[in-house]
Amino acid sequence: MSLPGYPFTSRRFVRRDGIGQHYLDEGAGAPVLMLHGNPSWSYMWRRLILCLRGEHRCVAPDHIGMGLSDKPGEDRYAYTLASRVDDLDALTEHLIGTQGAPAHGWTLVMHDWGGPIGMSWARRHPERVARLVVLNTAAFPNPRGSRVRPLLRAPFWVLRETRLGARLFLRHNVFNRLATLPPLGVRRRMPGPVRAAFLAPGELPGQRVAVRRFVQDIPLGPGDPAWPVLERTGEALGQFADRPMLIGWGLRDLVFDQVILRRWRERFPAAEVHLFRDAGHYLLEDAHDRLLPAIRAFLRD
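Residue 168 is where the sequence shown starts when you use the numbering used here, and the numbers rise one by one after that.
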């Protein structure tokens, strides 16, 4: 597997049920925990890790079923937000208990589903979190309620609810492929080898279950399994109002739009905000030249 710009040592944490989670643990210093979303993996953090590992301990897990982590069937693993938070809890306890990571002073860097996962974990352990970096994500129910943006309504229903959606996900890898193309996921075309690296862990149909389950787990209302977790997390955000926060936002994101950005800014009016009008959902691909120095300076301050 060719992974340009990813010169890291792969590590593996095996849970009690035998499922292995891949993660990176690079550098030394105050820990920075980087949480990806869907359909990404720790490869998306490659530039940020290289930027920070001289001063910080950079930890970047692949969620179960994603990246280089194990990809169990649905009979072995519950692909839900709650299970993701439990995974993160187990991994951080492992790092603190046996790998010399500190119990306090963690910076959370979150993108896409990394926001609900990371902030739900933070709600369990607020004393561990020192700073927050928010990148095109949410940690509260959709401000629009159960409504999906009109442009996305039909494809979202097909992908989430139909047999055709299952075929598109599992057999043809459509979601992953479109997410790495402009204008859906990026505004600048990825170099071929970089796009191939984003797609590599989902090469086979059986390796794509997590991608579809993430979409199916999006909470649209109180009847959805992830809704209570996300609602409680949103209600608890106020306890982090005293933490320094940086918001980096690609304004050309089709899903995490300015309505969601506005909710973050209302909740955290003192946040340092960097907006990128030429960046889409994967803003670390579109705007890394400007975003990385901003994050590094934020962590130094």
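Glycine is no exception: its CB is placed at the ideal position from the N, C-alpha and C atoms.
{"Item": "Coarse secondary structure for residue 304, derived from DSSP in three states", "Value": "strand"}
{"Item": "Other residues of its chain near residue 456: CB distance less than 6 Å, five sequence neighbours each side excluded", "Value": "none"}
{"Item": "Selection from 280, 260, 436, 462 that minimises the alpha carbon distance to residue 249", "Value": "280"}
{"Item": "Reduced DSSP secondary structure (H/G/I, E/B, other) of residue 208", "Value": "coil"}
{"Item": "Residue environment, residue 448, which counts as buried when at least 16 other CB atoms sit within 10 Å", "Value": "buried"}
{"Item": "Residues that DSSP places opposite residue 274 in a beta bridge", "Value": "199, 298"}
{"Item": "Expected contact under 8 Å - CB spacing of residue 353 and residue 424 to nearest Å", "Value": "Rounded, the Cβ-Cβ distance is 16 Å, inconsistent with contact."}
{"Item": "Reference residue 240, options 414, 376, 388, closest by Cα", "Value": "376"}
{"Item": "Local conformation of residue 346 per DSSP, three classes", "Value": "helix"}
{"Item": "Whole-angstrom C-beta distance between residue 231 and residue 191, which should lie under 8 Å", "Value": "That belief does not hold up - the Cβ atoms of residue 191 and residue 231 are roughly 16 Å apart, past 8 Å."}
{"Item": "Rounded C-alpha distance that separates residue 406 from residue 398", "Value": "15 Å"}
{"Item": "Per-residue DSSP class, three states only, for residue 412", "Value": "strand"}
{"Item": "Reduced DSSP secondary structure (H/G/I, E/B, other) of residue 192", "Value": "strand"}
{"Item": "DSSP state of residue 440 mapped onto helix, strand, coil", "Value": "strand"}
{"Item": "Start-to-end residues for the alpha helix (DSSP H) that takes in residue 395", "Value": "394 to 402"}
{"Item": "Start and end residues, alpha helix (DSSP H) containing residue 339", "Value": "Element bounds for residue 339: n/a, residue is neither H nor E."}
{"Item": "DSSP bridge partner residues for residue 225 (one or two, in chain order)", "Value": "193, 199"}
{"Item": "From 428, 389, 439, 369, residue whose alpha carbon lies closest to that of residue 238", "Value": "369"}
{"Item": "Residue 200 beta carbon less than 8 Å from that of residue 275", "Value": "yes"}
{"Item": "Stretch pair the stretch 173 to 192 + the stretch 381 to 389: three plus CB contacts closer than 8 Å", "Value": "no"}
{"Item": "Element boundaries [beta strand (DSSP E), containing residue 467]", "Value": "Where residue 467 is concerned, there is no enclosing beta strand (DSSP E), although the alpha helix (DSSP H) it sits in stretches over 455 to 467."}
{"Item": "Between the CA atoms of residue 403 and residue 393 - distance to the nearest angstrom", "Value": "16 Å"}
{"Item": "Neighbourhood of residue 429 by C-beta, 8 Å cutoff - its chain only, sequence neighbours within 5 removed", "Value": "310"}
{"Item": "Whole-Å CB distance - residue 273 paired with residue 296, under 8 Å assumed", "Value": "6 Å"}
{"Item": "Separation of residue 254 from residue 288, as counted between CA atoms", "Value": "10 Å"}
{"Item": "Residue span of the alpha helix (DSSP H) that contains residue 365, given as start and end", "Value": "359 to 366"}
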